[in-house]
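Residue 523, in this note's numbering, is where the sequence shown stops; the numbers in between run on with no holes.
Every residue gets a Cβ at the ideal spot worked out from N, C-alpha and C, and that includes glycine.
Being a predicted model, the structure only gives us computed values, none of them experimental.
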Amino acid sequence: MQELRRIPPESAQGDRSGQREGKMYGVLLAEGPGGDRQVLKAFSGLLNGKAEVLGWVPPILGRDRVARQEVETLAQLEALKQHLMALQWIPERSHWASLAEPFEQRLREMGERHRQAKAQREHQRAAPGAGLEALNQQSRQDGMERRRLKQERDAVLGPLKTAIAQADEQIRQIKRQRKHLSQQLQTQLHQAHVLTNFGGRSQSLAQLLPGGLPTGTGECCAPKLLQAAAAQGLKPIAMAEFWWGASLGDKVQGEFYGACAERCQPLMGFLLSRSAGVRVGEIVAPLAATLPVLYEDEFLLAIDKPAGLLSVPGRTADRQDSALRRLRQLRPTQTLIPVHRLDQATSGILLFAKDPQSHSLLSRQFQQRQVEKIYEALVVGPVVGSIAGSIALDAEQSQGEIDLPLWGDPRDRPRQSVHADHGKPSLTRFRLLEHRPAAPHLGKMTAPAERHTRLELIPITGRTHQLRVHVKAGLGSVILGDRLYGCQAPTDRLHLHAKALSFRHCHTGAWIEVRSQVPF
């Protein structure tokens with residue numbers, strides 16, 4: 004589809020009052036079944052408070068289904084906002100601010116006066132015939148004077164401080180409630196909004212990307228234009244989006260902009276597809292949204308991440324589906340913070356904290372290498388006979404250590420490699436578990452080199468791709484399915500699994516051991 008380069012600004016002026024606010028407008032040039040050319044136009048969000056305006060394409064279908072809930076939720080959110088503002092401006096805050104500083108000033112002045120008096124007393128004590136009891140009495144009086152002033156301060160400021168603390172706790176509760184309501188409404192909207200592509204397939208936003216989408220997804224010009232064209236049986240030829248009205252951020256009136264990466268691009272592949280079998284177009288179809296829970300308490304959550312799923316969202320629109328986004332979709336009221344990450348291709352235990360303090364305490368254990376991580380891998384070929392000379396082995400050659408410095412060459416990302424000068428110290432312990440022929444579904448059994456060895460890998464350091472590179476550079480092999488590092492065997496995944504994670508509980512101090520069954 005071509006890009007429309009010149010669109011007269013007048014095309015965005017269906018209602019001249021719309022010029023008062025800056026917003027994105029879009030124009031789509033399309034061709035009808037008979038070859039006739041048609042122009043569709045759209046605005047993002049609302050125009051003068053209205054979702055539907057004569058002459059403009061309608062919003063994506065489905066919002067009317069949750070109209071009542073939306074009105075009620077918005078009213079609740081507004082009431083919470085007003086309550087929040089009232090709590091932020093309670094009179095106790097201004098009273099405390101006006102009284103606290105004078106007390107602090109009096110304490111500072113008293114402290115300086117007492118320091119001078121103390122220095123003078125020390126000088127007098129050194130003189131012959133000094134009245135030590137009188138000097139000690141002066142010291143006690145200074146201490147009593149300071150305590151009386153603090154008691155006076157606490158009597159005046161204490162009730163104010165209590166009222167402020169209670170208001171702050173209410174504010175925290177209201178913010179949590181407001182967040183829950185907003186997420187609940189957004190989930191309802193995403194479930195209700197239905198998109199239809201050029202192949203005639205219809206799906207809700209929630210079905211398209213179970214991992215969740217940002218607020219406002221589906222309300223931009225591009226999805227609305229493509230949806231309208233598909234519904235009318237038109238063939239899109241060219242489309243342009245531009246900003247008109249007051250500038251906002253980097254948006255300037257009359258300038259053209261591409262489809263936004265967060266809200267529009269994840270939908271474009273599905274909308275433009277003519278195949279009824281395409282689910283998300285250019286975006287990799289999501290895996291099952293559910294994530295098995297291996298351990299959970301009020302502070303922690305450990306899940307079993309499948310291979311092929313990111314731990315956290317990536318930078319581009321096609322890398323948003325992740326364990327973190329799915330969990331936030333499934334648990335909208337919880338705060339979940341990843342403590343560590345697994346490569347997208349690696350499966351196994353992934354740990355999350357439920358509050359910042361727990362996250363900080365757990366992260367410290369990872370940084371100080373107090374956490375034990377055990378992985379299991381299936382590697383191509385027999386390993387013992389090909390072990391490099393720099394690797395330390397036990398007498399039976401069944402376990403050892405790989406100590407090879409790793410670095411990421413900026414010219415060859417995302418690969419990592421061994422580099423004596425630029426590499427960071429990297430240490431992996433390993434143990435041979437099993438050596439057996441390749442299973443039929445993992446590759447042909449025609450040559451000894453195609454036999455597989457099962458390894459247990461324990462990373463002492465946590466470098467990017469550490470286990471994958473250490474197996475290749477240290478053991479002279481490659482993990483089955485690791486195409487990035489040269490495995491050509493036909494298989495559907497990287498055979499690397501985080502099977503055990505052991506650490507001290509961040510609050511109880513108990514030793515926690517989480518285990519996951521190896522899926523291969």
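Ile240 and Ala45 closer than 9 Å at C-beta: What you label residue 240 is simply residue 237 of the sequence shown in a count that begins at 1. What you label residue 45 is simply residue 42 of the sequence shown in a count that begins at 1. No, Cβ-Cβ distance for Ile240 and Ala45 is not below 9 Å.
Contact the segment 500-507 vs the segment 347-357: 3+ CB pairs below 8 Å: yes
Distance CB(Leu470)-CB(Ala380) smaller than 9 Å: Within the sequence shown, the letter at position 467 stands for residue 470. Within the sequence shown, the letter at position 377 stands for residue 380. Yes, Cβ-Cβ distance for Leu470 and Ala380 is below 9 Å.
Where Trp514 falls, given that 16 or more other Cβ within 10 Å makes a residue buried: What you label residue 514 is simply residue 511 of the sequence shown in a count that begins at 1. Answer is exposed; the Cβ neighbour count stays below 16.
Per-residue DSSP class, three states only, for Ile515: Residue mapping note: residue 515 aligns to position 512 of the sequence shown, counting from 1. It is a strand residue.
Residue burial classification, Thr165 (beta-carbon count within 10 angstroms, cutoff 16): As a working note, residue 165 is residue 162 in the sequence shown. Exposed, since its Cβ has fewer than 16 Cβ neighbours within 10 Å.
Of the listed residues Gly465, His510, Gly384, nearest to Gly484 (C-alpha basis): Here residue 484 is taken as the residue at index 481 of the sequence shown, counted from 1. Ranking Gly465, His510, Gly384 by Cα distance to Gly484 puts Gly384 first.
Segments of 3+ residues assigned as beta strand (DSSP E) that fall wholly inside the segment 91-177: none
The segment 336-343 contacting the segment 480-497, beta-carbon criterion three pairs below 8 Å: no
Identity of the residue in Gln154, Arg124, Leu152, Ala130 nearest Gln141 by Cα: Start at 1 with the first residue of the sequence shown, and residue 141 comes out as number 138. Of the listed residues, the one whose Cα sits closest to Gln141 is Arg124.
Ser505 in three-state terms, based on DSSP: Within the sequence shown, numbered from 1, the residue matching residue 505 stands at position 502. The answer is strand: DSSP assigns Ser505 an E or B state.
8 Å contact criterion, which Ala195 and Ser207 should meet: CB distance rounded: Taking the first residue of the sequence shown as 1, we reach residue 195 at position 192. Taking the first residue of the sequence shown as 1, we reach residue 207 at position 204. Yes, Ala195 and Ser207 are in contact; Cβ-Cβ is about 7 Å, under 8 Å.
Cα-Cα separation, Asn139 to Gln108: As a position in the sequence shown, residue 139 is number 136, starting the count at 1. As a position in the sequence shown, residue 108 is number 105, starting the count at 1. Distance between the alpha carbons of Asn139 and Gln108: 26 Å.
Rounded straight-line distance, which links the Cα of Arg111 to that of Leu160: Taking the first residue of the sequence shown as 1, we reach residue 160 at position 157. Taking the first residue of the sequence shown as 1, we reach residue 111 at position 108. Leu160 and Arg111: Cα-Cα distance of roughly 17 Å.
Exposed unless 16 or more other CB atoms sit within 10 angstroms - verdict on Trp92: Within the sequence shown, numbered from 1, the residue matching residue 92 stands at position 89. Exposed: under 16 other Cβ atoms inside 10 Å.
Residues near Thr464 by beta carbon distance below 7 Å, same chain, minus five either side: The residue you call residue 464 lines up with position 461 of the sequence shown. Hits under 7 Å: Pro428, Ser429, Leu430.
At least 3 beta-carbon pairs within less than 8 Å: the segment 298-311 vs the segment 354-361: yes
Backbone secondary structure at Leu64 - three-state DSSP: One-based indexing of the sequence shown puts residue 64 at position 61. Of the three classes helix, strand and coil, the one that applies to Leu64 here is coil, per DSSP.
Cβ neighbour criterion (16 or more within 10 Å) applied to Gly261: Taking the sequence shown and counting its residues from 1, one reaches residue 261 at position 258. When all chains shown are included, Gly261 counts as exposed.
Asp346 versus Leu364, Gly317, Leu365, residue with shortest Cα-Cα distance: Taking the first residue of the sequence shown as 1, we reach residue 346 at position 343. When each option's Cα is compared against that of Asp346, the closest is Gly317.
Short CB-CB distance (under 9 Å) between Gln268 and chain C: Of the chains in the structure shown, none is chain C; there is only one protein chain.
Per-residue DSSP class, three states only, for Lys84: The residue given as residue 84 occupies position 81 in the sequence shown. Here Lys84 sits in helix by DSSP.
Span separating the alpha-carbon of Ala232 from that of Leu43: Here residue 232 is taken as the residue at index 229 of the sequence shown, counted from 1. Here residue 43 is taken as the residue at index 40 of the sequence shown, counted from 1. When rounded, the distance between both Cα atoms is 8 Å.
C-beta contact flag for Val386 and Leu435 at 9 Å: In the sequence shown, the residue the question calls residue 386 occupies position 383. In the sequence shown, the residue the question calls residue 435 occupies position 432. Contact flag set, yes.
Presumed contact (8 Å Cβ cut-off) between Arg266 and Thr220, rounded CB distance: Numbered from 1 along the sequence shown, position 263 holds the residue referred to as residue 266. Numbered from 1 along the sequence shown, position 217 holds the residue referred to as residue 220. Contact flag correct, Cβ pair sits at about 5 Å.
Beta bridge counterpart(s) of Glu34 as assigned by DSSP: On the sequence shown, position 31 is the one that residue 34 refers to. DSSP output for Glu34 lists Arg40, Lys238 as bridge partner(s).
Sub-9 Å separation of Gln72 and Gln191 beta-carbons: Residue numbering aside, residue 72 sits at position 69 when the sequence shown is read from its first letter. Residue numbering aside, residue 191 sits at position 188 when the sequence shown is read from its first letter. Result yes, Cβ atoms of Gln72 and Gln191 sit closer than 9 Å.
Expected contact under 8 Å - CB spacing of Ile63 and Lys227 to nearest Å: Looking up residue 63 in the sequence shown gives position 60. Looking up residue 227 in the sequence shown gives position 224. 6 Å between Cβ atoms; contact.
Assigned secondary structure, Val342 (DSSP; H/G/I helix, E/B strand, else coil): Against the sequence shown, residue 342 aligns to sequence position 339. Val342 falls in the coil class under three-state DSSP.
Close beta carbons around Cys263, own chain, < 7 Å, minus the five adjacent residues each side: Residue 263 sits at position 260 when you count from the first residue of the sequence shown. Taken in chain order, the residues that qualify are Cys223.
Alpha-carbon to alpha-carbon, Ser47 and Ala589: Outside the shown range of the chain (4 to 523) lies residue 589, about which nothing can therefore be said.
DSSP state of Lys526 mapped onto helix, strand, coil: Outside the shown range of the chain (4 to 523) lies residue 526, about which nothing can therefore be said.
Rounded separation between Gln169 and Lys178 - CA only: As a position in the sequence shown, residue 169 is number 166, starting the count at 1. As a position in the sequence shown, residue 178 is number 175, starting the count at 1. Rounded to whole angstroms, Gln169 to Lys178 spans 14 Å at the Cα level.
Within 9 Å, strictly: CB atoms of Glu95 and Leu188: Mapped onto the sequence shown, residue 95 falls at position 92. Mapped onto the sequence shown, residue 188 falls at position 185. Taking 9 Å as the Cβ cut-off, Glu95 and Leu188 do not qualify as a contacting pair.
Rounded straight-line distance, which links the Cα of Val74 to that of His98: Numbered from its first residue, the sequence shown carries residue 98 at position 95. Numbered from its first residue, the sequence shown carries residue 74 at position 71. For His98 and Val74, the distance between alpha carbons rounds to 38 Å.
Supposed close pair Leu364, Phe273 - CB separation, criterion 8 Å: Working through the sequence shown from its first residue, we reach residue 364 at position 361. Working through the sequence shown from its first residue, we reach residue 273 at position 270. Not a contact, Cβ separation roughly 42 Å.
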